[in-house]
Every structure is written in C-alpha cells, then in structure tokens.
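Protein chains in written order, with this note's numbering: chain A, 1 to 965; chain B, 1 to 195; chain C, 1 to 65; chain D, 1 to 364.
The beta carbon of each residue, even a glycine, is placed where N, CA and C say it ideally should be.
Model, not experiment: these values are computed from the prediction.
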Amino acid sequence: MKLIRKNSQASGAGSVSVGMPGEAIGRRAFLRRSGLTLGGTAVASMLPATMMRKAHAAEGYAPQAGVETVTRRSICTHCSVGCGVIAEVQNGVWTGQEPDFESPFNLGSHCAKGASVREHGIGERRLKYPTKLENGKWKRLSWDQAIDEIGDQMLKIREQSGPDSVYWLGSAKHSNEQSYLFRKFAAYWGTNNVDHQARICHSTTVAGVANTWGYGAMTNSYNDMHNCKAMIFVGSNPCEAHPVAMQHILRAKENGAKMIVVDPRFTRTSAHADLAVQIRPGTDVAIMWGMLWHIFENGWEDREYIRQRVYGMDEIRQEVAKWTPAETERVTGVPEETVKAAAKMMAENRPGTIVWCMGGTQHTIGNNNTRSYCVLQLALGNIGKSGGGANIFRGHDNVQGATDLGVLSHTLPGYYGLSAGSWGHWARVWETDLNWLKGRFDQAKVVGDGGKEVSPMNYKGIPVSRWVDGVNEDKNNIGQRDNIRCMVYMGHAVNSQSRGPEMKKAMEKLDLMVIIDPYPTHAAVMNDRTDGIYLLPASTQFETYGSVTASNRSIQWRDKVIEPVWESLPDQTILYKFAKKLGFADELFKNIKVDAGRDEPRVEDITREINRGMWTIGYTGQSPERLKAHAEHRATFNTTTLKAEGGPVDGDFYGMPWPSWGTPEMKHPGTPVLYDPSKPVAEGGLTFRARFGVERNGVNLLAEGSYSVGSEIRDGYPEFSDKVLKQLGWWDDLTDDEKKLAEGKNWKTDLSGGIQRVAIKHGCAPFGNAKARTVVWTFPDPVPIHREPLYTPRRDLLPQYATYEDRKRHYRLPTRYGSIQAQDFSKEYPLVYSSGRLVEYEGGGEEQRSNRWLAELQQDMFVEINPKDANDRGLQDGQMVWLSTPEGAKIKVMTMVTRRVAPGVVWCPFHFGGWFQGKDLKDKYPEGTAPYVRGEAANTAFTYGYDSVTQMQETKVTLCQIQAA
Amino acid sequence: MARMKFLCDAERCIECNACVVACKNENSVPWGVNRRRVVVLDDGVPGEKSISVACMHCTDAPCAAVCPVDCFYTTEDGIVLHDKDLCIGCGYCFYACPFGAPQYPQKEAFGVRGKMDKCTFCAGGPPADNSDAEYKKYGRNRIAEGKLPLCAEFCSTKALLGGDGDMIADIYRKRVLKRGGRPQTWGWETAYKAS
Amino acid sequence: MNTRGILAVALVTAAAGLSGCYEDADVTVHEPGKYKGAADPLLSQQASAREEALAKRFQIVQTDR
Amino acid sequence: MSKAETPNRGRRARYRRIMFWFIAIIVFGAMALPMGSYVYTGIQQAQAQSVKDTNPRANYWRAVRDGQGGYSAVTGTSMEGEVVNTETSMLINNGGQNWRQVRNGLIANYGGWFLFLVLIAILLFFAKVGRVPVEHGLSGQKVQRWNAFERFVHWVTAISFIILAISGLSLLFGRAVLIPLMGYPGFAAYAGLAKGLHNFVGPWLFTPGVALMIILWIRHNIPNAEDIQWFTQGGGFVGKGKHPHAGRMNGGEKIWFWFICTVGVAAIVSGFFMDFPNWWSASREGMQLASVVHAITGILWIALWFGHAYLGTIGTEGSLEGMTTGRVDVNWAKQHHDRWYEEVQSTSHEQGRDATTEVRGQPA
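Here it is, written out as structure tokens:
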C-alpha cells in the first residue's frame, strides 16, 4: 500500500486520497459484511488467519518493516501540562508514538488523550476540504473560491455595519504565533470583537489573580509540587483533566504531603486525597472564609509575611469573622470538623499549594472565588515559595499562551489593554502607522460600560460567552454600531457555551458562519440553516510548528510531525490568505516573511515579533533559537526545579517560564516560581508587582522590608521607567542605543529592553516590588464575598447573599443578575446541575469523539445522579432521561446512578455534541465527518449567568429537573 | 532469568485510561477489542481504587491448559503468547482466564468469534519480528526492539509497572516502604477520620 | 473367534485406549517455556540477550530523575 | 456346605467387611479431602467477613477476590453498541479455575474412561450374547414400520449426531490424541473445521431433527406397565426365554427416547447457549456452566448412543432394515414388538387390507 495520502492541491477537486482506507476498513465494514453473508464469515473464521480479512483498523498507518523511520518531537495538544510527544514517521506517515522520557514535564508518560495523538495523522473523521452549505447540502469548494466568497461577504458586512459586525473567535489550540497573529489580524480588520475559550475557562482567574499580585497565571509549576507539604484542590480534578500532573502530585504525596480536595463531587482525585470536602456547588468563597475563620481564630496566619507583603488583610478579617463554623456549615453543607481539619492541615503543613480549575471559576462570582483562594494562600504565607503558590491548572494546551498573546476582547498581546498608549506601543512594534490602524476601526463613539462615550478601538469587545447576545440583542441596547452578522469560529467548540436554544436562534440570524477547524464541529450541525455556512479544514498543531506555553508558563517548541493531511492548512496560512483577500496582508506581514508558493508565513519571524513587544510579561527572552535549544537538551533539566544542570543551556529553567526578562541576548533563565524573593531576579527571583500605585488612603502599597535576594533597593519600590532610573542614578548604565529607545518610556514600552536590563542588573524586578492586595477596590466586590448563584435552590440564603443588580452595559451588552434571581424555580427544578470533564475527552470533544481509540471509551452522554434522586424518580442506571432547565432547554441523556454526586446534585460531562434537544444530528454532517460518538451538549441546557468582572459563564451551577424519557 | 510481569500500583492508578489507548494505538487493536482495561472498584465512594488489568502472563497459564489446539506458548522471559494461525476461536481461554484477558473481534451467531486476541506484552507473535505479517496479526513487537510494553511506558502516574518481575517487586517494595513509613499520609485508613 | 479371544482383544484395546485418553486431572498439560507451535523468531533469541536491554529500558521508564 | 467350613467362612466374611470399609474410607478420603480446602476457605471467608470494616484497603482486594464488579470505561461494545466482550468491569473471575479443573480433570479424564468402558462393555456383551436372531427365521412377509418421513428425519439426525460426536470429541480429546498424529497446523485446521461443523450442524440439522423425532414419536413412548415387565425380562436379550411384550416402542427404546427428551435437550440447550452468545448477554459463568453441562450430557448421550447403534445394527438381526427400507420382517415384528404388530394387523383388517407385503425373491 502506498503510504502517501495527502492530496496535492494541484490535483484539484474530485480526486480523493490514495491509500486512505476511510470507511472501508475496520470492524464496522467487517461486521456489515458479515451481516450480509453470515455463513461466509463463519467459514472465514475457520481459515488460517493469513487468509482472513484483516480486521485491524487504519492499517495504512501501521509501521512498515524495512522502511526508514524518522523521529520528530512535538507537544501534546490536549491539556496544559505540556507533555512531550515523540512521533515516528515513515514516508511522511505517522506510524508510531514513543514515550518522551527526556521531557521534564511528563517523563515519558501520557494520559488517554496524549496516548492517542497519532490519530490526528490518520484523521479519518477530519474535515477533508473546504465545504459550504448551499440549499441544505454540503458542497465542496477550492480554497481560493472559499476565501473569495467569504471575503466578499465580509467586506460587504463591513461596509454596511462596520468592522465590529464580524466576530473573530480564536482558539486556545493556536500556537503562540498563531494566537498572536490572530489578535493582530483582528486589530488590522479593525475590531475588538475577538476572543477565545480562556474567557470561559480562566478569565476570572486572570482577572482575580492579576489584580491581587500582578500576573494572572500559575505561580509555580507541576514539577514544583514535589516540594509541597500540603495541596488543596478546589474545583479541580487533575485525575481526569490533567492526569500527567498527578504523577507530580502523587510524588508529593509519597514524600509526605497532605492532600485535600474540595469539590461537590467525589472525584477520582478525591479518591486519592487525605480529606475530601464535598461542598454545595457555588459556595467556594464560603468554604475559603470558613477555613480562614479557623486560621485567624487559632493564629495560624503568617503575620510577618502579611505585614511585609500583603495589603488589606484587616478588611478580610472583618468579612471572615462573619463565617463562623455554624454559618459555614449552613451555607456550604460541610460539617465544622471537616472545615477545621482542612484549615489545620493547610496550616500545619507549609508550604502548601492551592490548585483550582473550572469548578471555581465558572460562576457569576468567579472573580470573588479566585481572589478568596489567593487570600487563603496569602494568609498562610504560601505565595512566592517553592512548594507553595497558586497552581492554577489551565485547560487547553495553549490557553495560557493564547491568553498571554491577547486573543481576548479586552486586551492586546501581553495584557497591554486597549488604551491609546497600548495601541501606540504595539503600532511601534508592528511598524504600522497608528493613524492608519485607527482608521480601520469604527469611528463613531459609543456609550461604554461606565456610561461614558468611548471609541470602539478602546472599548472592550463582546466576549465569546456573549456573542449570542451580540447577535440576538436589540442593537440599540448594545455598545456598538450594529449586531454581529458574521461569526468566524477558528478552533472553537460552541458546545462549550451555555444557552443552546438561544445560540441556535443566533446562528440562524447570522448572515454568515465561517468554521475553521480540523473537524466540522457542533456549530455546523446544531442550527437549521440551509445556506451560508463555510467549513474550512484547519491543520492540527502536528501539521505545523511553533511554540506553545504550558500552564506553568514554560514555552516549548513543536516540530512539524507530518504535512497537513487532506486539504487542511495551518492557521497562519489561512490567516494570510484572508488578509490578502481583505487587503491588509502587506501591512500585517510587514516583518514576517511569507513563503509565496505555499502562502505560509514563517513562524520564527512571528516568534521574533512577539519577543520584540511582550515586555509586560517577559515573553521577550524566549527567542526561537533558545526554545529549540531547550527542546534539544531537555534531558539536562532537573525534574523538580526545572533548572538545567550543566550542558549548553546550563542554568536556564525549562522553557524559560515567563517572565524571561529583557532581550534574548540577556539570557534571563525564566522564572520558575513567581514572586519568589529567595533568588536574584536575574536567576528567576521576583517580588509582587507594583501595579496598583504606591499608596492608597495613606497606606503604603509597596513591600515593607521584603525584597528579592541581591536587590540593591532593600525595600519596596515602584515599577521602573526612564524617570525612576534617572532618580536612582542608573540611567547611564544604559547604552547609547538603549537610551534613544528608552527615553520617555517605561519597562513595558521600552523596545530596547534596556530599562529591564538595568533594573535586573541592580537586582530589582522591572515591575517594582509591592504588596499583594486582598482588596480589589476597582471590582464590584472589593472584598470577595459570597453571593448565591442566579439559579439557587437555597432561597432562604438570598436575603443575606443575593446577587448583583442588573447592569445596563458590561462588555457592550446588558447583563442581568438580580432580575433572574428574583424568580423562584427551585420547586419545579429542584436539582443542582453541574458539569465537568472526562479524562478521555477535552473541551467540545470534537477531535476526541472523532478519534476511534478515545471514542470507544465514552460512547454515551450521561448524567450522574445520586441513587436517592434516581429512586425518587423511579430511574434505573443506563436509562434515557430528559434533563430540563428553567430557561426551557432540555437535553436527552443517559443516567449513571452513582454516589460520585451527593443527593440533590447532578453532573454532566460537557464534551458531547452532535445531538440537539433529543435529536441525533448525524445526517447533518458533511459525509464521513460525523464523530463516532455523538451526544447531547451539556451546555445546551445551561442557563444565563455571567461573571461580574469578566463575563465568565456560570456553567458550574444552575437548576434542573430530570424525568424519564 | 528475567520473567516479564505487569503490576498495577493501585495507590497510584487514577483511571486515566492511557494504558488502554496506548495499546490501541501501538497495536492497532480494533474497536470492541480491549487488550487492557481499567476497573474502578467502589466508584465514587471513599475507598475507591482503580486497577489496570490485562493478560498477566501467568506461569501456569489457564488459557494454555484449556486450549483445544494448544496454540499458546511461553517465551523464555515468561511472556505468554499465542499463535493465531492455530487458534480456532472456541472461547475456552476466555472461560478459563481469571483476568478476562482473551478478547474476540466478534460475538456472533454459531459461535463465530474470530481469532482470539490478547495482550502480547508488546512481543508480537510467531511471524518474523516486526514484520508486516506480525504487526497485522499481533501488533508491534517492542520486546524485540529492547523496549517494554507501551501501556506501562505511557502510564501517566507510573502506576503500571511492566518489566522484569524482580525489578518491579523492588520498585514496588520501595514505594510501599515510603508510604508505610509515614503512617499519617497514605491510604484510606486515615483519610476519612476527620469527616 | 471365541469369547476368550474377543476378551483378550478387548482388553488390549482398552489398555491402549485408556492410555490415549488420559489427561491429567489437576496439572496443566501445557509445559511452561516449551513452545509447540510455529516457530517464533523471538524464541530463537536467547532471552538473556534481551534481558539487559529490557532492564535498562525499565530503569528509564521508572526512574523519577 | 459342611459345618467345618462355617468359621472359616465367617472369618472370610469379616475380612471382606473390613476390606470393604477400608476401601470405602480410602475412596471417601481421596474424594472428600480435597473438598476440605473449600471448607477451609469458607471458614476464612467467614472470618474475613467479621473484619471487613477494619481495614478498607484490604477490603478492596477481598472484594476483588469475591469477584465483585466495578466501573470500567471499557465496555467491550462494538461501534453499533453491541456487546462483543463481556464483563470488562470485572477484575478477577474465580470461576475459570474451577471450570478448568472440571473440564480438564473430571470431564476429559473420566469422560474418556467412561466412553471407553461403555464400548468395552458392549463388546463384551456382544462376545457373550452374540447377535440376537429372528427366532422363527425371516418370513419374507414385511410390515411397514417407519414411513419415509420418519426415516428421513432419523437419518438426518443420526448423521448429524455422528458429526457432532466426532467433532465434539475431537475438541475435547484431540489435543491429546490427534495432535501427535496430525501435527499442530494439521490439527488446528481440522479442529477449526470441526468447530465450525459442530456449531452449524447442531442448530441447523440436529436440533430440528431431534425436535421432529420427539413430536413424531412421543405418543408411542408413553410408558406403561408392560415396560416394567420388559425390563424385568431383560428385554429378551438376557437368557433365552419368552420374549417380553412390547408396543411400537419397547422399554429400551422408550428409555432412549426419554433420555433424549431430558439429557439430550439439556445438551442442545446448553449448546445453543454457547453457540449464540449474541442472542443473550451470556456471562462468562453462564458459558462455563453451559460448557460443562454440554460436555457431560454429550458424553452420556454418546455412551447411550453406542448401545442404541449396537442394538440397531449388529446386535439384533432385522432391526436395521426397518430404518433403511422402512419395512420389517413380520417374524421380527412379532418377536420384538408383538403388541404393535397386533395393532397394525387389526387396524388394517378393519380397513380391509393387509398390512404385510410379500417381498419378491424372499423365501416364504
């Protein structure tokens, strides 16, 4: 059999692949045939196996004897652990996968998803060529034709309704370079209506944590957890979501660390814990304050640490004083002894770390939750220490990178925000005329969130969680000229978003839907459109190359494993084609070389452009050359400290976890533990960032008596700028070239990196040395407080813990809180409905459900229900039921009667799609692309509810009822 | 003489199913046939434990004892293999095996099951090592390449140990000592006292 | 043939038959380590030749570094 | 018998009695002692039960040994959702070892001996009794005993039975007996064919045949008082005496019939259970039980069939032609099935015709 299957584009439409077994292989066909000729198969089974039909699937992708094998290295594209993948390639076909023992992250290990990545190269159920929906039928197109048609329609919409009517929905599956290019692309198109999944996974973390101590990222690393003495997991289930992280966690446990799991479910992780705390969903702040009550009561807090490095703890004390054991138990349902035991365990075993995930973030008070976790750790003095920290496990392989590179409606790459200064900085990096850039945006001012007039260019766009309302809402109520009319989903699973029926309505209202993905996705089938959907096949990260940021901020380089399969193209190529069509390619790719024949931008050039502009979070030191050197010499890194011991990259931390300050020439090793003053800044040490000013109401916001090792300023100090350098008399440490670029600039905007270099030379952190703040005075709740979810079964708690008032404008949209909570649904919908992950699937699950090895392991969408609730409703295990929610959506799922959930709580995995409100949509997929496993999307039934700061959707708690179907 | 064995450390197994998928991937095992699986006991309640199980390559293998055509054989390093050319798909090995290791690609009328398939410890079967014929019938022969079964090599928490029985015993003993030496830190005996 | 002759033949056949039918009650007839099917090349190699490679591999897999 | 011999005889009797008890104890001990281990494990389990709540980690392994199931993402279902491989959520199956011992030990061992001894017994019987002749010689007058349909059904079933018996025995004993003769690949090819034939002939030919025979002949096989007499007189085979009365079916044939209706049906049902695992969610335990039942009933059936075949062919003069041509000699009928012959005669007289026919070329 020939091993080459890629269609050369020149061969044109009509030709299909060579040697692709497609549907004709495997057991399915085997069974079908055997059904027709029963006797035949029976006889066949008596023959020696050599004469038997080969029952093995995907045999065209089997290793071949005597063919040269090439080994390539990539990084797993599923979760954020960043596991190394070793691919064996024969004749351009991915034929084998080997453990990457040298990777300090996974030491050769994989979870189910990581063990399956070779399937990407088989891609049986992949979208194979550009396709559009015309009169209810899928029709094949060429790339040029597709780009042309889409581009024309976009330009028409732009003319009629302005650039904000086209929504660019990016992805956490982009590489860093693709993320950056995508954000830049949206800017050049002229809109801030650009966002990605981070909005619905850790946006409340980023907002909450960054506003507490400076950066909104995981402070330590998976590997550093070896040093923990205690670990508390809140709404995090690494056994299923980050299985390889468990290797490090269990190692810590074997070293004697205590493990506490706070979760409404008894998860696989709870099974390994010393203490499982089963809370009522949505009571995270309450349980944290309940624990803190015991800590303050017993004087377990770290007073010296708080004095030196924490602002506002007294205000916290006042709030915590309300959370007596009785009140905590009343609200969370957790007995006093358990809460006390957890608090004691954390207090007696230091340093301890806190890990949280979606269980904590996806709430209307998500930002309060994340800040309350930070406060617990600050009270215990655990932040900025090896073995401590806030280890916020991120979800997708590059959700950290995509967030850092600003695929978000409220920032530019590097969290620069949307202010004029930020645009100015990036225009300088891009070498683009700022006025031309301004001209790309809608010019008419609109009324912004605070009621003040604002330019669309400086106004945060509609977030991904709310694009539905951007389409459906009356255009007079939204903060832009017109509704969204065109959605571009580039690597986005719509089944990860709530309010299915509303979304369907919105999709049918759009002029145009463009889905750029390796798979057709749920979006292509869940609506009843008959026209105007374009499906463009994107390559996976194994078919291109570039860098990816793991959860611990380490950046790893991926090699290209195989050429793009079928007619798929890498994201950067697709973006180039669009830019060319939309007329700004030359401007966008000014400093990026594009391979003309393939329309493929050179990835290293993009990396270098990133290095030139990302001063705020230190993405500046990680040049492509350094990243590749790390990949090559990854075996030299210590697996606990992540520091290279000898070898060509001696002293570096693996992947140069950001910030890696200054220019690549400065050779900053990266920062393995954020805010850790026990090391000099030049060697990865850090202080808390001076981000919120130097004093507030007469109280000093800078650190007192705490500074990083080797600092020449032995106290707190503000962030560095040309003026500060001059005051300190360090200005002349800059070279003449640096001085030219640094004049009038600060550490964030100095393109020479000189200010950072000099600050670090004197042992100082470029961003200053301040206190972490426990009170975020700019947020709706400066001190994190508990508020009941919008749909709560505990109406009795509402007088004390009601939600917010409705808001007229929040990220351009009216956002409801109190008016929803005012209605009582707890009688008709008595069960609390929550959602989460399965180990076999990830995100919207499109690629895993299309992967035969993984799909086999989870064949049915199910709802976990406690035996008590099942018995009350007369339900059996494995029975189909209707799960309905207060806003009228209902989904048909299979029961799993289990004690994993407490009575009164039901739980669904959210990875399913391909069904909508009881109907299997298999026939609506383009031929041969329907995933093997389809099921109802859990989020179809999830209800309204958005975080008060970031518009994070509330998908961890609502109400539902379950009835036999 | 080394004797190859599997051992699953239940204190570490987290039911991530990497072993199951690794096997599918490495040996192109078709849908419905699972040479390895993970079983969770006491699912969702304190005491929950997960175990990965496959062919245990028994010394006195019951499958070999009951096979009517005597198609099983044991390699020098203790790996129990079988010859699919001899196998008649009678199902007896499935009845006899304590671990449910033998698998059949079909389950149809007239006892048609196809050739039995089971874990080979990634050691292939009778055809020439790493030949196409061997791959098609038995999957990859990693042992001949000096590698261990991919399920164990991929295990996310290194719970599944595969290799020389003595070395496995050594590692496991060390782990048990480490856990046992800190009575307050391991296992369910202490875990739920607080609640 | 007389009765006695038939009896003699029957007894001889019985002895032969019984020896042929004999299957051990409790112990497996399969002999561990003894291969009886088609030749597997893996078997012609000395396991001791592999032993070192496999032991080394095991150390790589299981070492925590 | 003289008086002097009496004490001697008494001593010998006591000696024999002692011998008998010794042997009995030894035999019982040999049989019962291995069972002691079950008692031992039973006691252990009972003790384990009492400590179940103290060591949860040990409980886990105890549950595993008890064969307790759990959850497994591997369901062994095909893409179409059919269960291909069962019990994936079970960690350890205890029944397998017992099944192996029953099959390899009890069945393969004693089954083989048993069949062989039955053959020897028949041979000895033949040697002693010889062929039972038609007492008054062949009359040349024939009477219809089996119609064409009955004969068709019989022979289809008979041939299927032989195929099933040979293929079944090959699977049970072939490894020991045939592999040395045929070699591994040869026997594997043959065994594959044998298994296929067995699995197809059983349900397709044999089962309908048996079912039809039961339907066709059940009314002739209702036991009656004369059957008892038939048995007490040894069916006329043992000793030369007056031949017992019999209807269309004699006592022996009725035994054969009811054997098939019971043990035979058990063999068929257990065979179906194993042959169509896809029709029901056949558990491993179910399959093990079915296989044991099938083997034991099959061996019993074959053993009895040896007798049936013997009596129907070389054992009795004139029997075989009844099943081949459908007609039997009148004298044979009078000898073996007198009541039936009378009945046939009377009914045909009532209808005004003769049931018997003269066969051309046969002596009168």
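Cα-Cα separation between residue i and residue j, rounded to whole angstroms
| i | j | result |
| --- | --- | --- |
| L81(B) | Y138(B) | 10 angstroms |
| I168(B) | T815(A) | 59 angstroms |
| V84(D) | R35(B) | 13 angstroms |
| V320(A) | G647(A) | 51 angstroms |
| V514(A) | D195(A) | 15 angstroms |
| V758(A) | S372(A) | 36 angstroms |
| F720(A) | K590(A) | 31 angstroms |
| V447(A) | A159(B) | 58 angstroms |
| P62(B) | S547(A) | 52 angstroms |
| L510(A) | W467(A) | 11 angstroms |
| W186(B) | A822(A) | In this prediction, W186(B) scores a pLDDT of 44, lower than 50, which makes its location untrustworthy; no coordinate-derived value is stated. |
| L701(A) | S156(B) | 44 angstroms |
| F912(A) | E936(A) | 6 angstroms |
| I314(D) | R9(D) | 44 angstroms |
Boundaries (first-last residue) of the alpha helix (DSSP H) holding residue i
| i | result |
| --- | --- |
| C19(B) | 18-27 |
| P799(A) | 798-801 |
| Q848(A) | 846-849 |
Distance between beta carbons of residue j and residue i, contact taken as under 8 angstroms
| i | j | result |
| --- | --- | --- |
| R103(D) | S291(D) | 7 angstroms |
| A271(A) | E48(B) | 4 angstroms |
| I562(A) | V89(A) | 6 angstroms |
| P886(A) | G914(A) | 25 angstroms between Cβ atoms; not a contact. |
| V153(D) | G209(D) | 6 angstroms |
Close beta carbons around residue i, own chain, < 6 angstroms, minus the five adjacent residues each side
| i | result |
| --- | --- |
| D736(A) | none |
| S884(A) | K890, Q961 |
First and last residue of the uninterrupted beta strand (DSSP E) at residue i
| i | result |
| --- | --- |
| Q90(A) | 84-90 |
| R37(B) | 36-41 |
| D329(D) | 327-329 |
| T131(A) | 131-134 |
Cβ-based neighbour list, residue i, same chain, cut-off 7 angstroms, excluding 5 preceding and 5 following
| i | result |
| --- | --- |
| A341(A) | L275 |
| V293(D) | A266, S270 |
| S496(A) | Q197, I200, G843, G844, F910, N939 |
| N199(D) | D275 |
Beta-carbon proximity list for residue i, same chain, < 8 angstroms, skipping 5 on both sides
| i | result |
| --- | --- |
| A146(A) | P130, K132, Y534, L536 |
| D148(A) | K581 |
| K504(A) | M526, N527, D528, F916 |
is_contact[residue i, chain E] using C-beta, thresh 9 angstroms
| i | result |
| --- | --- |
| E153(B) | Among the chains of the structure shown, chain E does not appear; the protein chains present are A, B, C and D. |
Taking one C-beta from the region 180-194 of chain D and one from the region 132-152 of chain D each time, how about it: are there three or more such pairs within less than 8 angstroms?
-> no
Would you call the region 764-779 of chain A and the region 347-363 of chain A touching, i.e. three or more CB-CB distances under 8 angstroms?
-> These segments do not touch.
On the three-pair Cβ rule with 8 angstroms, is the region 413-429 of chain A touching the region 240-255 of chain A?
-> The region 413-429 of chain A vs the region 240-255 of chain A: no contact.
Cβ contact check for the region 152-172 of chain A and the region 391-400 of chain A: 3 or more pairs under 8 angstroms | yes
Would you call the region 245-264 of chain D and the region 40-59 of chain B touching, i.e. three or more CB-CB distances under 8 angstroms?
-> No, they do not touch.
When the Cβ atoms of the region 865-873 of chain A are set against those of the region 890-906 of chain A, are three or more pairs found closer than 8 angstroms?
-> yes
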